[in-house]
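2 protein chains.
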Amino acid sequence: MGLKHPGRRGFLKRGAAIAGLAVGGGVRIADAQTPSPAAPAKSIKELVAYGERSRFVTSTRIPVSDRPSPDSFGLVFHVATPIAEQVGAITPSSLHYVATHLGSFVPDIDPKEHRLMIHGMVDRPLTFTMEDLKRFPSVTRLHFVECIGNSGRPGAKTVQESHGLTSCSEWTGVLLSTLLKECGVKSGASWIVAEGAEEVKGASSVQLSKAMDDCLVCYGQNGEPVRPQQGYPLRLLVPGFEGIFQTKYLRRIKVVDRYYMTFNDYGHLQEDPKVSALMNQIGPKSVILTPSGGQQLPGKGFYEVSGLAWSGGGAVKRVEITADGGKTWKDAVIQGTAYRMAHVRFVMPWMWDGGECELQSRCTDELGQVQPSRAQVAKYWNKPLTAAFRVPGTNNSIQPWVVKNDGSVVNGLV
Amino acid sequence: MGLKHPGRRGFLKRGAAIAGLAVGGGVRIADAQTPSPAAPAKSIKELVAYGERSRFVTSTRIPVSDRPSPDSFGLVFHVATPIAEQVGAITPSSLHYVATHLGSFVPDIDPKEHRLMIHGMVDRPLTFTMEDLKRFPSVTRLHFVECIGNSGRPGAKTVQESHGLTSCSEWTGVLLSTLLKECGVKSGASWIVAEGAEEVKGASSVQLSKAMDDCLVCYGQNGEPVRPQQGYPLRLLVPGFEGIFQTKYLRRIKVVDRYYMTFNDYGHLQEDPKVSALMNQIGPKSVILTPSGGQQLPGKGFYEVSGLAWSGGGAVKRVEITADGGKTWKDAVIQGTAYRMAHVRFVMPWMWDGGECELQSRCTDELGQVQPSRAQVAKYWNKPLTAAFRVPGTNNSIQPWVVKNDGSVVNGLV
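As they're listed, the protein sequences go chains A and B. Counting the first sequence from 1 gives a position; the numbering used here is that position plus 141. Counting the second sequence from 1 gives a position; the numbering used here is that position plus 141.
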């Protein structure tokens, strides 16, 4: 048939870029076929019901460096997702970051026994079973969940340590507004308090306007029921807000007319409720995952710079990358649809000339908010940066990675 | 603050629809709070590294009814995904359907040892390691994989039995065109033969035009490395084509000038290559998952009809639903972005009046192709429908589900 492709040998003809990889990067001239693996280890029959990952895939979640999990009191528990190894936009459910406070166990809830009660300032208080909830109109949306403490700690060597407390899933459930309308919200109501079945109840106050806008009562995560560490059987999703608002094991929502102080509010105790409300939303943020801290570039030549971007303010509109420490910026390509309050993957081709350089990424969201530099955030936060959880809002500043002459990559923040 | 929501008590005021659910469907007036679970079963510490699903979530894959897996020869292996329990558009990796032929084991491949060789009619035959492949520009795309035998078998009681041989993942990898250009395709080449490291090598012939268009060499699936049952460490994705072309454990691609017969071509043995080429693409297809065969509606009132639609011809453009056996059709809502050659979730509110009725869904894709009725397909296939694998193309006909007076749901095809 003799098809002739205009792009034939395109990369080679275009010269050094990819051809440089082919020759310099270890690609070999084909000489022999890969042999079949010697002895298969597992009968396929063993894996019929529910598959597993390969024994050669070993990336795992790790405790956050300065917070032993569980800590000496068995109370605080933070584990970071291996974000550097992740591909695409969705975090595998088994590797979603986990944060709990004063609750050292995962509640083991029988969904048949679980109930969600909605009461307070409503015309008709109601209690829903899981089966009830699944009969309501459903929505499926990609949303990130991020801990306020993410990237707030100094001394991170890898991006898992610096940015591993954010994850993104395909969440399925009922709009909270659907349930609130079912109960009939009374005039004068202005806040909700959402409570979970954790030891400390995981209660959070959320503005009624946000509750009626886009909050989700989720029973599904990445196609399956919500995972136990993410709130099985039911979790509140408050898109774009700090992780602490995403109440797990959701069992009660009280409609009220004021901001309620709860144990979980320790990060917001001294705030005015209105100021607090504005500060709950995570700003535009991005981070380069390859190359990133602790990785080793085998030699100069072609690389793809790749990372994740997100914003609590809406969809990511633009991601720019600098490879010269901020002198010049280039637009990265955003892969797939940039959903509101969701991770998106960005990529950019890059030729490394072998010299020391600094890589940064900068996110702009659909509101026009631009990710700030570390200096800008430090000024705003008035230091110390080390106590991220004592100041409102997560640290969404730009993360610099320095590529050394020897190909090693280190954190550009000292 | 006294916010007043225009939608306040909206569903109740709109009358019977949702209010019917609230009262008739088991929702109770709130009286008592759900108690905290008695004794937590597992310490959270046990689950730090890699999370698990709840012990209360038990849906699993099942062997396809008329094909014991493994069969008496230990050769054929087909397991269907629990598609009725799935939410959203993405199939959990652990539950992705599996089909293999004359290969009863999952190859246990060390990625450090794995190579992909591209040779044949190329200027420069090359061998790539996994590390090499990860340095090339990457893409992440949502694509379905469907077995030609899906929904081809009669007597299915549930949608897992009838339609469980299709799954959808977020795939990450390198465009095959990138690699072919790297090798330089010689003029006169018109086909590729892709071979995997299975016992039967899982070889397939694919048109070079398709290979250069949108085929992917995948190392990532749903954020993680490709799962072993899906081809770890490397799988070819031929978007929209029958499952058998999606070569797992990909180790060799030969560029050739003709259609090669391979063991895997048993379904196409007697075909003209050109005709075969046209028939490899899966047609527009959809299926209702709730309500579906084997489910039980607790009583009349509000339900959400929900299902999945896809097409090998491109993106899903429209899904219509009939609740009266085809007399009248209404447009369903498509959730999120309808990507090309990917599952999309569709939903439609529905009031069941308690009488016997027949539900069907009908997909139209961006090419304008419309999912045919069973009668149309039967005519085209010239019977028997029972031997799906002897005729070209998958059976993409409309699946009817009959809701009986007692709320039971049965397959409308006898």
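Glycine included, C-beta positions come from ideal geometry on N, C-alpha and C.
Just measuring C-alpha positions, the residue of B:370, B:504, B:458, B:334 sitting nearest residue 222 of chain B is B:370. For a cut-off of 8 Å, the C-beta gap from residue 314 of chain A to residue 364 of chain A is around 13 Å, too long to register as a contact.
For residue 445 of chain A, a Cβ of chain B is located within less than 8 Å of the residue's own Cβ. Look at the segment 254-277 of chain B: the residues with a C-beta under 8 Å from a C-beta of chain A are 254, 255, 256, 257, 258, 259, 260, 264, 265, 266, 267, 268, 269, 270, 272, 273, 276, 277.
Judged by DSSP in its simplified three-state form, residue 279 of chain A adopts coil rather than helix or strand. Residue contact with chain B for residue 382 of chain A: absent (no Cβ-Cβ distance below 8 Å to any residue of chain B).
Taken through DSSP and simplified to helix, strand or coil, residue 386 of chain A comes out as helix.
Using a CB distance below 9 Å, the part of the segment 432-458 of chain B facing chain A consists of 439, 442, 443, 444, 445, 447, ordered along the chain. Just measuring C-alpha positions, the residue of A:462, A:493, A:483 sitting nearest residue 229 of chain A is A:483. Assignment of residue 362 of chain B by DSSP, reduced to helix, strand and coil, places it in the strand class. Per DSSP, residue 321 of chain A is one residue of the alpha helix (DSSP H) stretching across 317-324. A contact between stretches requires three or more CB pairs, one per stretch, nearer than 8 Å, and the segment 318-337 of chain A fails this requirement with the segment 299-306 of chain A.
Contact check for residue 431 of chain B against residue 447 of chain B passes: the beta carbons are separated by less than 8 Å.
In this structure, residue 260 of chain B keeps its C-beta atom at 8 Å or more from the C-beta atom of residue 351 of chain B. In this structure, the beta-carbon distance from residue 457 of chain B to residue 479 of chain B falls below 8 Å. Around residue 197 of chain A, the beta-carbon contacts reaching into chain B at under 7 Å are 251, 252. The beta carbons of residue 338 of chain B and residue 250 of chain B sit about 7 Å from each other, so the pair counts as a contact at 8 Å. The beta-carbon distance between residue 373 of chain B and residue 367 of chain B, rounded to whole angstroms, is 5 Å. This is short enough to meet the 8 Å contact definition. At a beta-carbon threshold of 9 Å, none of the residues of chain B lie near residue 299 of chain A; the nearest stands roughly 16 Å away.
In summary, the residues of the segment 473-484 of chain A whose CB is separated from some CB of chain B by less than 8 Å are 476, 477, 478, 480, in the order they occur in the chain. Within the segment 453-492 of chain A, no complete alpha helix (DSSP H) segment of 4 residues or longer occurs.
Counting along the chain, residue 426 of chain A sits inside the beta strand (DSSP E) bounded by residues 426-431. Two segments are said to touch when three or more pairs of C-beta atoms, one from each, lie closer than 8 Å; by this definition the segment 458-467 of chain B touches the segment 498-506 of chain B. In the assembly as shown, residue 555 of chain A is an exposed residue. Its beta-carbon has fewer than 16 other beta-carbons within 10 Å. Taking 9 Å as the upper bound on Cβ-Cβ separation, chain B lies near residues 360, 361, 362, 363, 364, 365, 366, 367, 368, 369, 370, 371, 373, 374 of the segment 356-379 of chain A.
Per DSSP, reduced to three states, the secondary structure at residue 202 of chain A is coil, with no helix or strand assignment.
Within chain B, the residues whose beta carbon sits less than 8 Å from that of residue 220 of chain A are 189, listed in sequence order.
Boundaries of the beta strand (DSSP E) around residue 445 of chain A: 442-451. As a beta-bridge residue in DSSP terms, residue 219 of chain A pairs with A:240. Taking a Cβ-Cβ threshold of 8 Å, the residues of chain A close to residue 311 of chain B are 229, 230, 231, in chain order.
For the segment 541-553 of chain A, the beta-carbon criterion of a distance under 7 Å to any beta-carbon of chain B is satisfied by none of its residues. Taking 8 Å as the cut-off, the beta carbon of residue 423 of chain A is found no closer than this to the beta carbon of residue 311 of chain A. By the C-beta density criterion, residue 437 of chain A is exposed, having fewer than 16 other C-beta atoms within 10 angstroms. For residue 171 of chain B, the chain A residues whose Cβ falls inside 7 Å of its Cβ are 258, 259, 260, 266, 267, 268, in order along the chain.
Between the alpha carbons of residue 193 of chain A and residue 247 of chain B lies a distance of about 11 Å. Residue 445 of chain A is not a Cβ neighbour of residue 503 of chain A, given a cutoff of 8 Å.
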